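Everything in the sequence shown is counted per full-length UniProt numbering, starting at 1 for the first residue and increasing by one.
First the structure, in the form of structure tokens, and then the observations on it.
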Amino acid sequence: MRISVIGAGLAGCEAAWQIARAGIPVDLYEMKPEKFSPAHKSPDFAELVCSNSLKAERTESAAGLLKQEMRRFGSLLMECADASRVPAGGALAVDRHIFSTLATEKIRSHPLITVHTGEVTHLPDEGIAVVATGPLTADALAAEIERFCGGSLSFFDAAAPIVTAESLDWDHCFAASRYDKGGDDAYINCPMNKEEYETFYEALVTAERAPVHDFDVRNPKVYEGCMPIEVMAQRGKDTVRYGPLKPVGLRDPRTGHRPWAVVQLRRENAEGTLYNLVGFQTNLKFGEQKRVFGLIPGLRNAEYARYGVMHRNTFLDSPRVLGPDFCVKSRPGLFFAGQITGVEGYMESAASGILAGWNAAAAAQEREPLVLPATTMMGALSRHVGESVTEDFQPMGANFGVLPPLEPHIRDKRERYAALADRSLKDLELALSACQGKDGIL
């Protein structure tokens with residue numbers, strides 16, 4: 001028995017890894033480097049497109065809890081992330097080139113994983129398979145999935161620009177993390193006074209945007225988690241100043257006061273030669289990005305290693321199609337994983353790949369599928385995918401709101417989040433201990 005995994009992104013790599021850990025041979029199909037999506041550039045696996053941040057590390061945060069749960073499963077990508085981290089305050093950020101290189105090397109060197117290069121245009125008719133082709137699934141397979149599942153949804157996704165460190169104007173920026181957490185090498189801050197901000201704002205909301213491809217305009221939704229900065233700004237003059245440009249926890253050493261607004265840059269690679277503009281996902285034309293973002297004093301001479309881009313993001317109406325084990329309800333043995341299922345975020349996609357891979361292996365070995373308790377972050381997200389009752393299903397990232405409330409309720413937010421995380425990890429251990437005792441696979 002061999003299991004097919006289609007797509008070597010974050011979810012596909014984790015799925016293949018989990019299947020191989022169970023001792024089952026894997027055929028992993030990836031169209032790169034023969035063909036690239038509009039957003040992908042690297043031939044390596046597990047490519048990070050939008051940002052190099054994997055979000056907060058603290059276990060008492062939703063993102064941090066998710067990563068702790070993934071580690072308990074022997075996550076391939078958490079191992080790669082820990083080995084490729086760059087300073088980012090309280091977040092786990094990585095050198096995306098090193099991260100993808102490590103993932104590719106580990107996948108290609110595993111004796112039970114065979115990599116096949118080339119585009120897959122049809123869903124498997126039989127056998128066990130995991131489809132992890134992502135939000136930019138190639139057109140032929142996307143059409144096949146749409147026919148098979150009876151429809152899908154689309155929305156736009158956007159990536160932020162990356163600038164070179166040597167091009168920054170250090171007379172108008174400073175290194176610091178909010179509230180001095182995480183060291184001064186985590187972020188570079190570009191402050192603006194009120195006049196500078198208002199000039200920047202007016203240019204931002206009137207700047208010319210790039211056209212989107214014809215295949216994107218059928219359903220032009222913009223997902224909140226990747227809202228282009230120019231779209232967010234149109235909601236009001238202070239919207240971005242209370243969002244990605246919020247100055248709280250920062251003090252400009254030139255003035256000794258909190259700035260009116262601050263653009264933060266996060267280290268993009270281990271060498272510290274590249275930085276991305278935090279929260280600056282955009283669909284402005286490249287020339288407009290250079291002009292408008294150049295109105296930020298610290299970026300007036302910035303050189304761009306990559307301009308921001310916008311692309312399609314497609315996901316299934318998963319509660320109708322999938323169960324919480326990520327298996328297609330109408331086709332036993334066929335699993336989906338990643339953002340195409342309606343989880344939102346790098347690690348959320350990888351976590352779904354872990355569970356889809358685990359359950360594909362379970363199907364091959366005639367074991368019961370693993371559906372984690374709703375009190376765990378991975379379990380709550382999988383139930384969002386497979387059991388949501390809303391008529392307008394939308395992607396969901398890790399957040400404490402998806403977990404069942406505590407009884408009795410804890411009013412203090414920090415204490416409540418810590419208690420939720422503690423409960424999640426304990427319940428996860430119980431669930432995995434039961435699997436180990438029954439199946440001997442952990």
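Backbone N, C-alpha and C define an ideal beta-carbon position, used for all residues, glycine too.
Remember, it's a predicted structure, so these values are computed and weren't measured experimentally.
### Three-way DSSP call (helix, strand, coil) for Pro191 in this model
strand
### Message
Quick check on this structure: which residue in Glu57, Glu368, Thr273, Arg320 has the alpha carbon closest to the alpha carbon of Asp95?
### Response
Selected option, being the one with the closest Cα: Thr273.
### Query
Would Tyr179 be called buried (16 or more neighbouring beta carbons within 10 Å of its own) or exposed?
exposed
### Task
State the Cα-Cα distance for the pair Val321 and Gly338, rounded to the nearest angstrom.
14 Å
### Task
Determine the direct distance from the alpha carbon of Glu126 to that of Ala88, and round the result to whole angstroms.
45 Å
### Cut-off 7 Å between Cβ atoms - residues of its own chain near Ala101, not counting five sequence neighbours on either side
With the sequence shown as reference, residue 101 is identified as Thr, and Ala is not the correct amino acid for it. Cβ within range, chain order: Asp44.
### Query
Mind checking Met347: buried by the 16 CB within 10 Å criterion, or exposed?
buried
### Query
So what's Thr133 in DSSP terms, helix, strand or just coil?
coil
### Query
Three or more beta-carbon pairs under 8 Å between the stretch 354 to 364 and the stretch 291 to 311, yes or no?
no
### Message
Can you tell me whether Val217 is helix, strand or coil according to DSSP?
### Response
In this prediction, Val217 has a pLDDT of 39, which is less than 50 and means its spatial position is unreliable; nothing more can be read from the coordinates.
### Message
On a Cα-Cα basis, can you pick out the residue from Arg209, Ala361, Leu54, Phe315 that is closest to Glu288?
### Response
Arg209
#### Entry: For Gln234 and Val205, believed in contact at Cβ under 8 Å, the rounded distance
5 Å
### Message
Could you check whether Ala103 and Leu77 sit closer than 8 Å to each other, using their CB atoms as the reference points?
### Response
yes
### Task
Answer with buried or exposed for Asp214, where buried requires no fewer than 16 other C-beta atoms within 10 angstroms of its C-beta.
With a pLDDT of 41 at Asp214, under the threshold of 50, the predicted position of this residue should be treated as unreliable, though the coordinate-derived value follows. Exposed is the label assigned to Asp214, since fewer than 16 other Cβ atoms lie within 10 Å of its Cβ.
### Message
Rounded to whole angstroms, what is the Cα-Cα separation between Arg218 and Phe156?
### Response
Low per-residue confidence applies at Arg218: pLDDT is 39, beneath 50, and the placement is therefore not dependable enough to give any value.
#### Entry: Residue(s) in a DSSP beta bridge with Ile3
Val26
#### Entry: Extent of the continuous alpha helix (DSSP H) run through Thr104
96 to 109
### Given Ser177 as reference, the closest of Ala165, Pro124, Val231, Val263 once Cα atoms are compared
Val263
### the stretch 314 to 329 / the stretch 385 to 392 touching (three or more Cβ pairs under 8 Å)
yes
### Task
Leaving aside the five residues before and after Phe148 along the sequence, list all residues of the same chain whose C-beta is less than 7 Å from its C-beta, in chain order.
Leu123
### Message
For Ala261, tell me which candidate among Ser42, Lys285, Cys190 has the shortest Cα-Cα distance.
### Response
Closest by alpha carbon: Cys190.
### Task
Determine the DSSP secondary structure at Pro211, reduced to helix, strand or coil.
coil
#### Entry: Nearest candidate by alpha-carbon position, reference Ser167, set Val328, Arg108, Asn276
Here the closest residue by C-alpha is Asn276.
### Message
Could you compute how far the alpha carbon of Ile3 sits from the alpha carbon of Val130?
### Response
8 Å
### Query
Per DSSP, Ser154 forms a beta bridge with which residues?
Thr314
### Task
Could you tell me the distance, in whole angstroms, from the CA atom of Pro253 to the CA atom of Asp169?
15 Å
### Query
Counting Cβ pairs closer than 8 Å, one from the stretch 14 to 21 and one from the stretch 137 to 145, do we hit at least three?
no
### Best match in Arg21, Asn193, Ala158 for proximity to Pro111 [C-alpha to C-alpha]
Arg21
### Query
Unbroken beta strand (DSSP E) runs of length 3 or more, entirely within the stretch 37 to 80: which are they?
53 to 56
### Message
Would you say Ile98 lies against chain C (beta-carbon separation less than 8 Å)?
### Response
Here there is only one protein chain, and chain C is not present.
#### Entry: Bounding residues of the alpha helix (DSSP H) (the contiguous stretch that carries Arg258)
No alpha helix (DSSP H) holds Arg258; DSSP gives it neither H nor E.
### Query
Taking buried to mean at least 16 other C-beta atoms within 10 Å of its own C-beta, is Tyr29 buried or exposed?
buried
### Query
How about Phe393 and Tyr417: are their beta carbons less than 8 Å apart?
For the 8 Å CB-CB criterion, Phe393 and Tyr417 do not form a contact.
### Query
Does DSSP classify Ile229 as helix, strand or coil?
helix
### Query
What residues in its chain sit with their C-beta under 8 Å from that of Ala270, if we drop five residues either side in the sequence?
Ser84, Val86, Asp95, Ile98
### Task
Could you tell me whether the Cβ atoms of Thr282 and Ala158 are closer together than 8 Å?
yes
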